[in-house]
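Asker: Got a structure for you, written out below as structure tokens; questions coming shortly.
Chains as they are written, first to last, in my numbering: chain A, 1 to 419; chain B, 1 to 316.
This is the structure in structure tokens:
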């Protein structure tokens, strides 16, 4: 009796296998996209949130509407790199061996730099099997300057562009006379520090830089000793490029010390940060970013964000640029009727695109850097339609500049492959 | 200058005493089992997360009471039903077990609470500046942290050196068979010590959670430094762990506060390098920049010049 049962199970399994094999051959093969970012470890919150947004964009905009390229679905393949360059190499090999040709990656410029050089080398050695890097978040300027590559496209404004807008904004408030800069000790942190100093000297020579501090990334247990220095420096404002736990701890320590000064940041929102800062951070935390924030500019954008929130109650639409990137990528595929990275890259160059927020985006062909409007928002609970972390607090747009005003020169001399 | 010195000392004390709460449990467990418990900092993280969940319903003070109890019970269960079985296969197996447990706890925390930062708040009761010195506030919560840590040190010291239970524990560590022959239940003592050790880590988590932020990486950030303290202090020595904790807390705090660096050293030596020198990064290195790695430097130095640690006994 038991044997018979076993045989039945086996037969059932076999039938299932055959059926599923049949169904994959009859349906069109999906377009597979790798997502290499931290899905475990210290920075897992940002990575998993990005994955959900990419998955949502693919399902909501394309898969539920019959797919792309005449019926092909988009399949996102998550690969966990723990935000370490070493693990990224391993996951890159895995992506290659599984035949994935497009890689989304965003967290940490160190990882993006590694991936960029690995992909360049791979593509040189394996003509016809190139890989495309869609960088949705890593903002080290080097990626679209000295180290620029034909196979790399950046969908976020790089650090110098953002700092250009941020220093314009700071220059407008005449009561700021002393600024303290603190950041994580790696490429991006260094860029924030050097660029802020250079730009402020140019725009507001009267501002004194009273501190320029670096701390190891993800290693600091307690930021109070740093804040003690900030307090004793008499600073009127703080600039930091910190992200993740380093950002929360720093902001919390500054606020806890009773210091009432603005903190200008890149990443002080979402993934628990907004909720943790709460009422203490109101009108103190400023953010320079590429999303319009509250009020959401269009009804379509509001509906899109609300639907994401309905499906993922514990996540927020933190990186709208992921949606921009996927939409532009698909548009390039449709235009070239191809999923080959070379064809996609050519179609993406100099593409102009109006996104869901009604903003004009331009992928500059010379260095593969997106040009888009940038905004400075403030952490508050006033007039917030879409909040962060379900906390009632969120980002309210305070200052915006058009895409053409964010353009900065580049030093990219791109090596273009010949076909 | 004086204000920076005073506040750096206070900050160093807070960090040092917090580290001691972790190190004390770890070093007790080490002297008992002969292995380092790699999952120790994970119990600290569990303390913070339990307290966070309890505080949502019943407030901070209930969290301070229940979370260490929960963590301690969990620790005791781990010792009784897992570690004791693994013990039969020797030290390496135990070491690997605790190593695996650390990963397991981290993943479990992410599974149940999610990967984002938790909004775990200090109680409103302590939400005022304890005193203002040179225009800087020292929050009452930090004062509370110091009080709790010192209180725990005193109680622990008294129990271990002056009470009957302490004598039995000390004897069980050095002469387990003799103690067993005298009619004491040695495995029970070990389980209790493991439970209390992890509960101490839990307390540290409860009071550190609100200021050092509660997120799944908090165990990793603090874990390595606690091992450094235990080794510098001398494995198994409570007094050594106390001195080493304060030393490392203050060392880091002073290093961050100072503005010294390679440029000052080069000035002193009368040397000068241009900015495009290939070793420019080395010549511009400052003390605050390397502050968080100083404990590891100290570890290497201690291991070279005094392998038993500050207060460790040389093994026979």
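A virtual CB, placed ideally from N, CA and C, is assigned to each residue, including glycine.
With DSSP collapsed to three states, give me the class of residue 184 (chain B).
Answerer: Looking at residue 184 (chain B) - three-state DSSP - the assignment turns out to be coil, as it is neither helix nor strand.
Asker: To the nearest angstrom, report how far apart residue 391 (chain A) and residue 270 (chain A) are at their CA atoms.
Answerer: Each residue's Cα considered, the two are about 10 angstroms apart.
Asker: Would a check of beta-carbon distances place residue 217 (chain B) closer than 7 angstroms to chain A?
Answerer: Interface residue, yes.
Asker: So does the stretch 183-203 of chain B actually touch the stretch 164-171 of chain B, counting three or more Cβ pairs closer than 8 angstroms?
Answerer: In short, these stretches touch, since the Cβ pair count reaches three.
Asker: Tell me whether residue 128 (chain B) is buried or exposed, calling it buried when 16 or more other Cβ atoms sit within 10 Å of its Cβ.
Answerer: The residue is exposed, with fewer than 16 neighbouring Cβ atoms inside 10 Å.
Asker: For a test of the three-state rule: what should DSSP assign to residue 177 (chain B), helix, strand or coil?
Answerer: Reduced to three states, the DSSP call for residue 177 (chain B) is helix.
Asker: Nearest chain B C-beta to residue 232 (chain A) closer than 7 angstroms, yes or no?
Answerer: At least one chain B Cβ lies under 7 angstroms of residue 232 (chain A).
Asker: Looking at the strands, I want to know which residues DSSP matches up with residue 178 (chain A).
Answerer: Its beta-bridge partners are A:208.
Asker: Note down, in chain order, every chain A residue with its Cβ under 9 angstroms from the Cβ of residue 149 (chain B).
Answerer: Those do not exist, as residue 149 (chain B) stays about 14 angstroms from chain A at its closest Cβ, beyond 9 angstroms.
Asker: Just the C-alpha distance for residue 381 (chain A) and residue 393 (chain A), rounded to the nearest angstrom, thanks.
Answerer: The straight-line gap from Cα to Cα measures roughly 4 angstroms.
Asker: Would you call residue 234 (chain A) buried or exposed, if buried means 16 or more other Cβ atoms sit within 10 Å of its Cβ?
Answerer: So residue 234 (chain A) counts as exposed.
Asker: Thinking just about the alpha-carbon of each residue, which of B:184, B:295, B:207 is nearest to the one in residue 52 (chain B)?
Answerer: The shortest C-alpha separation from residue 52 (chain B) is found at B:207.
Asker: Do residue 199 (chain B) and residue 63 (chain B) have their C-beta atoms closer together than 7 angstroms?
Answerer: Not a contact, by the Cβ cut-off of 7 angstroms.
Asker: Quick test of the definition: if touching needs 3 or more C-beta pairs under 8 angstroms, does the stretch 101-120 of chain A touch the stretch 131-150 of chain A?
Answerer: Taking 8 angstroms as the limit for Cβ pairs, the verdict is that the stretch 131-150 of chain A does touch the stretch 101-120 of chain A.
Asker: Please check if any C-beta of chain B sits within less than 7 angstroms of the C-beta of residue 226 (chain A).
Answerer: Yes, contact with chain B.
Asker: Once the 5 residues before and after residue 165 (chain A) are set aside, which same chain residues still bring their CB inside 7 angstroms of it?
Answerer: Answer for residue 165 (chain A): 288, 374, 376, 401, 406, listed in chain order.
Asker: State yes or no: is the beta carbon of residue 411 (chain A) nearer than 7 angstroms to at least one beta carbon in chain B?
Answerer: Not one chain B Cβ lies under 7 angstroms of residue 411 (chain A).
Asker: Whose C-alpha, out of A:177, A:395, A:45, is nearest the C-alpha of residue 117 (chain B)?
Answerer: Closest option to residue 117 (chain B), Cα to Cα, is A:45.
Asker: In three-state terms, what does DSSP make of residue 342 (chain A)?
Answerer: The answer is helix: DSSP assigns residue 342 (chain A) an H, G or I state.
Asker: Any residues in the stretch 46-72 of chain B with a beta carbon nearer than 8 angstroms to a beta carbon of chain A? Which ones, in chain order?
Answerer: Answer in chain order: no residues at all.
Asker: Quick one: is residue 50 (chain B) buried, meaning 16 or more other Cβ sit within 10 Å of its Cβ, or exposed?
Answerer: Result: buried.
Asker: Is it buried or exposed for residue 158 (chain A), if we count other Cβ within 10 angstroms and need 16 for buried?
Answerer: That one is buried.
Asker: Output yes if chain A places a C-beta closer than 7 angstroms to the C-beta of residue 4 (chain B); else output no.
Answerer: So yes, residue 4 (chain B) belongs to the interface.
Asker: Taking only the alpha-carbon atoms, compute the straight-line gap between residue 309 (chain A) and residue 299 (chain A) and give it to the nearest angstrom.
Answerer: So the two alpha carbons sit approximately 15 angstroms from each other.
Asker: Strictly under 7 angstroms for the Cβ-Cβ distance: is residue 7 (chain B) near chain A by that measure?
Answerer: Cβ-Cβ to chain A under 7 angstroms: yes for residue 7 (chain B).
Asker: Which same chain residues, not among the five before or five after residue 172 (chain B), have their C-beta less than 6 angstroms away from its C-beta?
Answerer: For residue 172 (chain B), where only same-chain residues beyond five positions count, the Cβ hits under 6 angstroms are 179, 186, 189.
Asker: With DSSP run on the structure shown, which of helix, strand or coil describes residue 151 (chain A)?
Answerer: In this structure, residue 151 (chain A) counts as coil in the three-state DSSP scheme.
Asker: Alpha carbon to alpha carbon, how far is residue 250 (chain B) from residue 120 (chain B)? Give it in angstroms, no decimals.
Answerer: Straight-line Cα distance between these residues: approximately 26 angstroms.
Asker: Over the uninterrupted alpha helix (DSSP H) stretch that includes residue 44 (chain B), give me the two end residues.
Answerer: Per DSSP, residue 44 (chain B) belongs to the alpha helix (DSSP H) from 40-58.
Asker: Quick one, are the C-beta atoms of residue 309 (chain B) and residue 232 (chain B) less than 7 angstroms apart?
Answerer: Yes, these two residues count as a Cβ contact at 7 angstroms.
Asker: Taking residue 33 (chain A) as the reference, give the member of A:75, A:399, A:48, A:153 with the closest Cα.
Answerer: Minimum Cα distance to residue 33 (chain A) is reached at A:75.
Asker: Which chain B residues sit within Cβ distance under 9 angstroms of residue 271 (chain A)?
Answerer: Result: 115, 116, 117.
Asker: Just verifying my parser: in three-state terms, what is the DSSP assignment at residue 133 (chain B)?
Answerer: Correct three-state label for residue 133 (chain B): strand.
Asker: Residue 216 (chain A) versus chain B: which residues are under 9 angstroms apart at the beta carbon?
Answerer: Chain B residues near residue 216 (chain A): 289, 290, 291, 292, 293.
Asker: Quick one: what does DSSP say residue 379 (chain A) is sitting in, helix, strand or coil?
Answerer: Correct three-state label for residue 379 (chain A): strand.
Asker: On a Cα-Cα basis, can you pick out the residue from B:3, B:33, B:11 that is closest to residue 175 (chain B)?
Answerer: For the residues B:3, B:33, B:11, the minimum Cα distance to residue 175 (chain B) belongs to B:33.
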